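Accompanying notes for the structure given below.
In my numbering, the protein residues as written are 64 to 301.
Quick look at the structure:
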């Protein structure tokens, strides 16, 4: 079942065309990745879905049958259940780990479930529990990425948009992060991932799209893209 449907998505920054009418869909419960070079339009795609940048007229963005374009950014999270873990973490550095996680639940009323979700995040990332009273700005880069993912999980339960979650992480921590994302997906949360580390992303996802210069140029099962000669040459160092 299609959970997220994108048709003819066009985005411009002034006179610069960032997305040229892309079409793709995400199935409920799957892990889908969009790979591409820097500046290809990966981050812009996620920002358009979460309403952080405006889509041009004629763009169609639907989530579970709802028109995303009717909602402001905060309602995309609170009403639709779409969370966005941005590139660069962007945690609230002057708040503690616990305060960051609590702030993510601003629109939730299910107090008991919030406590259970926070417990689950601490079980998933034990280092966050060790630092629960520590200011987020004093955490390491890897710990901040854990917090950003945990915050995304706390804010919405249906789909997570993840922008370069491996950026700046050491290889071992990178693998730990993706294992944690698999755990989140196993609980039923759909994941839409944009990632410059194409090999890692395609090993993690079930399906993938390749974006170049604001246009989607390839799509298919992740294992097929991993073995595609053009993808190997352009993105896998082969």
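Glycine residues also receive a C-beta, built at the ideal position from the N, C-alpha and C atoms. Note that this is a predicted model, so its numbers are computed, not measured.
Residue nearest to residue i in terms of C-alpha spacing, selected from the options
i, options, result
"residue 146", "212, 117, 200 and 184", "212"
"residue 268", "98, 73 and 64", "98"
"residue 126", "224, 242 and 258", "224"
"residue 249", "74, 92 and 73", "92"
"residue 263", "113, 122 and 242", "242"
"residue 120", "81, 150, 157 and 74", "74"
"residue 214", "253, 71, 154 and 176", "154"
"residue 220", "170, 292, 271 and 237", "170"
"residue 64", "72, 90, 261 and 252", "90"
"residue 265", "192, 274 and 286", "286"
"residue 151", "229, 143 and 236", "229"
"residue 95", "245, 177, 137 and 295", "245"
"residue 257", "116, 149 and 296", "149"
"residue 234", "260, 252, 172 and 251", "260"
"residue 85", "79, 222 and 124", "124"
"residue 251", "216, 236 and 239", "216"
"residue 116", "81, 271, 178 and 164", "81"
Distance cut-off 7 Å: residue i Cβ against heavy atoms of the ligand ZN
i, result
"residue 90", "With respect to the ligand ZN, the structure offers nothing, as it holds no ligand at all."
Span of the alpha helix (DSSP H) around residue i
i, result
"residue 216", "204-218"
"residue 280", "First-last for residue 280: 278-284, but that is the beta strand (DSSP E), not the alpha helix (DSSP H)."
"residue 161", "160-166"
"residue 109", "105-112"
"residue 292", "292-298"
Residues sharing a beta bridge with residue i, DSSP
i, result
"residue 126", "67 and 129"
"residue 148", "225"
"residue 82", "74"
"residue 187", "Beta-bridge pairing links residue 187 to no other residue."
"residue 88", "68"
Limits of the beta strand (DSSP E) - the one that residue i falls within
i, result
"residue 270", "270-275"
"residue 258", "253-258"
"residue 250", "That residue, residue 250, is in no beta strand (DSSP E); it is neither H nor E in DSSP."
"residue 95", "94-98"
Pairwise C-alpha distance: residue j and residue i
i, j, result
"residue 76", "residue 210", "30 Å"
"residue 195", "residue 185", "9 Å"
"residue 204", "residue 231", "7 Å"
"residue 132", "residue 227", "24 Å"
"residue 218", "residue 70", "26 Å"
"residue 188", "residue 208", "10 Å"
"residue 197", "residue 283", "43 Å"
"residue 114", "residue 67", "14 Å"
"residue 293", "residue 299", "9 Å"
"residue 193", "residue 159", "12 Å"
"residue 88", "residue 143", "16 Å"
"residue 168", "residue 183", "15 Å"
Q: Give a yes or no on contact between the segment 101-112 and the segment 264-284, applying the rule of three or more CB pairs nearer than 8 Å.
A: yes
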